[in-house]
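**Q** Heads up: take any position in the sequence shown, counting from 1, add 2, and you land on my numbering. Beta carbons are placed, not taken as given, at the ideal position from N, Cα and C, and that holds for glycine. Model, not experiment: these values are computed from the prediction.
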Amino acid sequence: MHNTLLKRFLNSCSDNRKSKIENLKWLGLSVIAFVLVVTGAAAEAQQPAKVPRIGYLTGATPDGQSARIESFRQGLRELGYVEGKNIVIEYRYAELKPDRLPALAVELVRLKVDVIVTGGSGLTRATKNATNMIPIVMSHDTDPVANGFVASLARPGGNITGLSNLAPEISGKQLELLKEIVPKLSRVAVLGTSTASGTAHKLRETELAAGAFTVKLQFLDVLSSNDIETAFRAAGKGRADAVLVLRVPIEHRLLNLQLKAGFQRYTAIHNTS
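#1: With distance defined between alpha-carbon atoms, name the residue in Lys186, Arg189, Ser173, Ile183 nearest to Thr201.
#2: Considering only the alpha carbon of each residue, which of Ile136, Lys175, Ala156, Arg241 lies closest to Glu209?
#3: Exposed or buried, which one is Ser226 when buried takes at least 16 other CB atoms within 10 Å?
#4: Distance, Cα to Cα, Leu222 vs Leu81?
#5: When the Cα of Val247 is compared with those of Phe234, Arg112, Ser73, Leu103, which residue comes out closest?
#6: Taking Cβ to Cβ, would you say Asn131 is nearer than 9 Å to Asn161?
#7: Taking C-alpha atoms, which residue in Ala237, Val224, Ile230 lies nearest to Lys218?
#8: To the nearest angstrom, how far is the alpha carbon of Glu92 from that of Ala156?
#9: Take Ala212 as the anchor and find which of Ser196, Lys181, Ser166 has the nearest alpha-carbon.
#10: Check for me: the alpha helix (DSSP H) holding Arg127 runs from which residue to which?
#11: Could you have a look at Gly174 and say whether DSSP puts it in helix, strand or coil?
#12: Using DSSP bridges, identify the partner residues of Ala236.
#13: Comparing C-alpha positions only, which one of Arg79, Gly86, Val111, Thr216 sits nearest to Arg94?
#14: Measure from the alpha carbon of Pro54 to the alpha carbon of each residue in Ile89, Leu98, Pro185, then state which is nearest.
#15: Would the beta-carbon of Asp143 fall within 9 Å of that of Thr129?
#16: Kindly indicate which three-state DSSP category Gly77 falls into: helix, strand or coil?
#17: Is the CB-CB distance between Leu187 and Ala244 below 9 Å?
#18: Taking 7 Å as the limit between beta carbons, can you name the residues of its chain near Ser196, skipping five residues before and five after?
#19: Hey, would you say Gly61 sits closer than 9 Å to Leu113, going by beta carbons?
#20: Enumerate in chain order the residues of its own chain whose CB-to-CB distance from Pro100 is below 8 Å, with the five nearest sequence positions on each side excluded.
#21: Use the C-beta contact count for Ser68: other C-beta atoms within 10 angstroms, 16 or more gives buried, fewer gives exposed.
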């Protein structure tokens, strides 16, 4: 069962709501499959029904995660599971404080939830360190094999499965879209966090794609939200025609406000995962 659920998440850069819902529906399917296996619902139909409990761990704030949570709930509803009726979800928010993740993961384990849903590699690693028994379903990860979460995409093994946005074609597609929007595109500022898992891998992919489009890249390291404005100023000095955001430690809602507030001259693409 575990080995058949890992899917490749190929549209992490999409802003299309239907695509997001479909991805989260797949996530919901993975979660429910795990719950059915763990609780033995099919085999114990004669016994009093146990209400499955899902642990949901996020590094964001409640407001910053509300849209994704609602999409996740919708995916579950489409599969017949309604929160508060036949399923319970325990939410834990790190509120942009990564150092809180280990304790929150342990808290969910102590609650004896049936399955834990995580986001990126930091969340998954904290949960992996907290349990090797409770199934973990990650909503996205740049490279789950390299990060040591699964043995392979075909045969994950262990107690972790979920969705991966490891797809070399994404970087090429992002630059292709920028080229269509800005036909004379020649320089692209790439914003990313060098210390974040997967950044080096994504940057290499982007560099390979840039060669095919004869585009020069300028990597700008963003270690905190305070670096966003500095990065955009550096992009201006580097005469960037567009901005590509790999991943930065700032909620997308705030990033969008930054883009709208003072940097309207740039065409920008950023991941929504």
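**A** Concretely, from the data shown:
#1: Ser173
#2: Lys175
#3: exposed
#4: 42 Å
#5: Phe234
#6: no
#7: Ala237
#8: 30 Å
#9: Residue Lys181 is the option with its Cα nearest to Ala212.
#10: 123-132
#11: Three-state result, Gly174: helix.
#12: For Ala236, which the question treats as bridged, DSSP gives no partner whatsoever.
#13: Val111
#14: Ile89
#15: no
#16: helix
#17: yes
#18: Asp223
#19: no
#20: Spatial neighbours of Pro100 in its own chain (CB-CB distance under 8 Å, excluding positions within 5 residues in sequence) are listed in chain order as Gly61, Gly124.
#21: exposed
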